[in-house]
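Take a look at the structure set out below.
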Amino acid sequence: MLVGLVLPLWEDGPPVEASISLVIAGLLLKAREVHAGKPGVWFPLLLTGIDLVAWPVLGWWTAPRRPYPWT
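Here is the structure:
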């Protein structure tokens, strides 16, 4: 429902930054709906949402860096 209300705000589709936020929001809403019906089933959806956020952050954080800027 939230995505249906937000997507019409952009004519050519949302920018990439907003798309990622909408995907995460959609996963959280879906997890909430599933949890209401069957408690405990939402856990895989939660892990998927965490992975969508954590992997880009960890990938940036653990990227190889040069030990000295002049090398």
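Per this note's numbering: the sequence shown = residues 220 to 290. Even glycine gets a Cβ: it sits at the ideal position worked out from N, Cα and C.
With a CB to CB cut of under 6 Å and the five nearest residues on each side skipped, what residues in its chain are close to residue i?
i, result
"M220", "Low confidence applies to M220: its pLDDT is 46, below 50, so where it sits in the model is not reliable enough to give any reading."
By Cβ distance, which residues of its chain are closer than 8 Å to residue i, with the 5 residues on each side in sequence left out?
i, result
"L271", "I239, V242, I243, L246"
Rounded to the nearest angstrom, what separates residue i and residue j at their Cα positions?
i, j, result
"L266", "E252", "16 Å"
"K257", "A273", "26 Å"
"A250", "I269", "12 Å"
"P263", "P275", "19 Å"
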